[in-house]
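Working notes for the structure below.
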Amino acid sequence: MSGLQYLLRRVLLSVLVIVGVLLVTFTVSRVIPGDPARLYVGTRAGVEALNEVRQQLGLDDPLPQQFVRYI
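The opening position of the sequence shown corresponds to residue 173 in this note's numbering, with each subsequent residue numbered one higher.
If you want it as structure tokens, here you go:
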């Protein structure tokens, strides 16, 4: 195997590992119990404030769009 092939293979594998780690951390952050918006505004905040924070943080967007923003 030439040096260029080796380098390209290593770069490709590194990119795949990075994408995998990002996907796992994103998934874990969505699966754990608790509402990030509720943690952000506090437990005494009203529904209106909670919905506004969800919109600001993009938590009401589809998951693929949230993942792109996460990256």
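Ideal placement from N, C-alpha and C gives every residue a C-beta, glycine not left out.
Hey, quick one: how far does the alpha helix (DSSP H) through Thr197 stretch, first residue to last?
Per DSSP, the continuous alpha helix (DSSP H) segment holding Thr197 begins and ends at Gly175 to Val203.
Would the beta-carbon of Ala209 fall within 7 Å of that of Leu235?
No. Outside cutoff.
Using the three-state DSSP reduction, which class does Ala221 fall into: helix, strand or coil?
Helix.
Cβ neighbours of Tyr242 in the same chain (closer than 6 Å, five flanking residues each side left out):
Short of 6 Å from the beta carbon of Tyr242, and not among the five residues preceding or following it, lie these beta carbons of its own chain, in chain order: Phe198.
In angstroms, rounded to a whole number, what distance separates the CA positions of Val225 and Tyr212?
Computed Cα separation, rounded: 8 Å.
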